[in-house]
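Reminder that position 206 of the sequence shown reads as 206 in the UniProt record's numbering, one-by-one numbering, no gaps. Note that the Cβ used here is the ideal one computed from N, Cα and C, for glycine as well. Below is one structure, written out as structure tokens, with a few remarks after it.
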Amino acid sequence: MYFRNKKTVVGVFSNETPLINVGLFIAPALASGCRIIVQAGTKIFLALHLIKELAASIGFHSITVIPSDDNHLSTYIGSSVELSVVVLFDDLLDKKYSTVPDEKTNTRIVYLTNYRIPAIIFDDADLHAATEGIISAAWSKWAHSSVGTVFVQESILDQFLDMLKKKLSHLKVGPSNEKLADISQCISDLSCLKKTLESSLCMEKFQVLKNDDIWQPTLILGGKVDDGQAFSSTEDDGQVLTVLSFRSIEEAISMANSSKQGLAASVWSENLCLINEVVRKLKVTNIWINGTYGTTAANVTFTPLKGSGVGNFGGVEGFFELLSPYDAFIPKAENDSDKNISSAIGAAKKGQECWGKISKIKKKLLLLAKLKDLLNKHFSSNAEDYYSIIYRYFNGRDSSFATTQSGFDLVSYQEPRGVVAVGNIQDKHAIYVTVRALYEGNAVISQHWIAKELGPLLPDGVLKYIPDTAEATRAVESHNDVQVFFGSWNAEMLPPSHVTDSSNIQSILEEEFYNKVSVVKNVWCDVGKSSLCNFGE
């Protein structure tokens, strides 16, 4: 297979980046045939250099490793070197990344943050397994998915806490090079832990040792959910584990969804019907059921939502992130949203809730029926070409699959992003993007004529037309309910701004839009050890 635009890709790894994340960049970068620059923190440089030598020994000589603790992206954005993608394993909204040059660039930034994930424990869960799993997830797993907040059903809260405290009391904490340690001391600087404990509004804290001068596993019992995120969800909280109670399923889901992260969650329950309900309502793309926490595979896509990042990691989608160039970033404006645009987006959000529940076959039949007359009206000479291509998209690539790997059952399927915005772009692009976005269950707001004519033929709010003005564009870009924006291919709508202002806005080429109007949700379940038996031996 031939891939065009083989350029240079950059991976930026700080000293705090878990080495497991290196594979999320190196593997697809090598497979894509791109030239690779790896900027490694001075403490992990030797490990990255070893990976370079291993790659060279089997014929991959395209890796350059640079030791540096300077994570400022201004080194790459706007540089004379033609870069395709910069991959960052950090929070792009951090103030240290605020010095990106204000100039047009074709360099795309893909990033994954270390926001910690929530876990939900229901009253029918195996508490012995749950406590062991939570300890491992909170302090033994170092990556972008360690557990920071546990929501426990109120009826079992006391029992769970007693078991958790007892298990923690018997664990040995030691330095990372001590093989007999159950939990490694994960921070040498106690300032993060002390700051977290001082600022927490908690009912109680628990530490095995009454010594504030050493790092140790710490529980905060009680607290609050405020400012759009559950307490203790960031990577710099000293690895504190917050435990909160809930009464109903709806309350648990609401609190879990309040987190800024949208990458993963852990769910503990023995009730299959309950699990199915929770899986569909959690606004994350990876859900580990019971003891499957942390399971992954190279062919599984991780798509961060909300504050967890931008782009795709792993799987086919992660591979394509390094192949298809973006035209430019479209900045997220600071201006107040226009009331009419906000009203249209609000209507689209409500319409999407109902539209997303309609089966794909019904959506396909409805869209094909309504589109035929419109295409004949506007493209009489080649309407059949449009129609056949659209029909092929309806029956095109689908990332949904089910498989069993290493004793775990994995189901992956596509979910709509929510509200998708389309600018007044070329007819071909606008029609294809709009139809695919609608087919996947999204609502669409658009500045293209297709929305003005097709929108009234669909359920209310599903496809809304907005004016093709700079003010309307800015209002769309600044709205938090717009998940993705397909803008001008020439990126001439607005003057460029800091890349940090474009965290929820992505402008992409038509060939990759099928990756952007939906996300892949992965659900891992334990199917038992018998699935590993080899009856042929």
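Distance cut-off 8 Å: residue i Cβ against heavy atoms of the ligand FMN
i	result
Q185	The ligand FMN is not part of the structure shown, which contains no ligands of any sort.
C-alpha distance - residue i paired with residue j, whole-angstrom precision
i	j	result
L164	I51	39 Å
G266	I121	Reading off the sequence shown, one finds Ser at residue 266, where the question assumed Gly. One C-alpha to the other measures close to 8 Å.
G309	Q352	23 Å
V519	V110	15 Å
T17	Q39	12 Å
A56	I37	14 Å
A181	P175	7 Å
T404	I431	38 Å
I249	V278	8 Å
K363	K372	14 Å
residue 563	F45	For the chain, the structure presents residues 1 to 537; residue 563 sits outside this window and is missing.
G11	F401	30 Å
residue 560	K43	Outside the modelled stretch of the chain, which goes from 1 to 537, sits residue 560, for which no answer is possible.
I26	N114	19 Å
L366	N424	24 Å
L209	D526	35 Å
N271	S62	50 Å
I135	N276	25 Å
T107	D212	46 Å
E477	F485	8 Å
D126	I220	22 Å
E132	L168	10 Å
I214	C192	12 Å
N15	D70	11 Å
N378	P416	According to the sequence provided, residue 378 is His. The question's Asn does not apply to it. Each residue's Cα considered, the two are about 29 Å apart.
W524	G346	33 Å
F206	K166	11 Å
S502	I183	Caution is warranted here: a pLDDT of 36 is assigned to S502, below 50, making its placement in the model unreliable, and no coordinate value can be reported.
Integer Cβ distance of residue i from residue j, believed to fall under 8 Å
i	j	result
V444	V422	6 Å
L48	V22	7 Å
Y387	L375	6 Å
D481	K350	The pair is not a contact, with the Cβ atoms about 11 Å apart (cut-off 8 Å).
S342	A475	7 Å
Q261	G307	6 Å
L282	N299	Not confirmed; about 22 Å, so no contact.
L454	K370	6 Å
Residue from the options with nearest C-alpha to residue i
i	options	result
D124	G311, E154, R116	E154
V304	G33, G294, S145	A quick correction: the sequence has Pro, not Val, at residue 304. Here the closest residue by C-alpha is S145.
A437	R474, F394, G307, I466	F394
V147	P416, L241, D70, V527	L241
N522	K370, T469, I390, G294	G294
L274	I289, K260, G262, A264	I289
E204	G222, V152, S259, W449	G222
K516	W449, D526, E440, S478	E440
L30	F320, D213, A119	F320
residue 578	F246, K195, A264, G133	Since the first residue shown for the chain is 1 and the last is 537, residue 578 is missing from the structure and cannot be characterised.
Y413	R280, S62, G133, L19	R280
R116	I358, H479, T149, S84	T149
V173	K166, Q185, T107	Q185
K360	N271, I135, N442	N442
I390	R417, K377, Q426, V435	V435
A252	A119, K166, I214	A119
R35	T8, N15, A470, Q216	T8
A137	L323, Q239, L322	Q239
Within 9 Å, strictly: CB atoms of residue i and residue j
i	j	result
L24	F302	yes
N312	T296	no
G314	P28	yes
F13	F60	no
P456	W355	no
I466	N340	yes
S446	K428	no
A130	W268	yes
L19	F151	no
residue 598	V433	Here the chain comprises residues numbered 1 to 537, so residue 598 is not present and cannot be evaluated.
L161	P217	no
S140	L322	no
G487	T473	yes
Next on the checklist: Threshold first: 3 residues or longer. Then list the beta strand (DSSP E) segments lying entirely within the region 133 to 181, N to C.
Outcome noted: The DSSP assignment places 147 to 153 as complete runs of the beta strand (DSSP E) inside the region 133 to 181, in order along the chain (cut-off: 3 residues).
Checklist entry - Considering only residues of the region 391 to 454, which uninterrupted beta strand (DSSP E) runs meet the minimum length of 3 residues and lie entirely inside it, listed in chain order? => result The qualifying runs are 401 to 405, 408 to 416, 419 to 422, 443 to 446.
Item to check | Completely contained beta strand (DSSP E) runs for the region 249 to 291, where each covers 3 or more residues | outcome: 264 to 268, 286 to 289
Item to check | Whole runs of the beta strand (DSSP E) within the region 29 to 77, excluding any shorter than 3 residues | outcome: 35 to 40, 63 to 67
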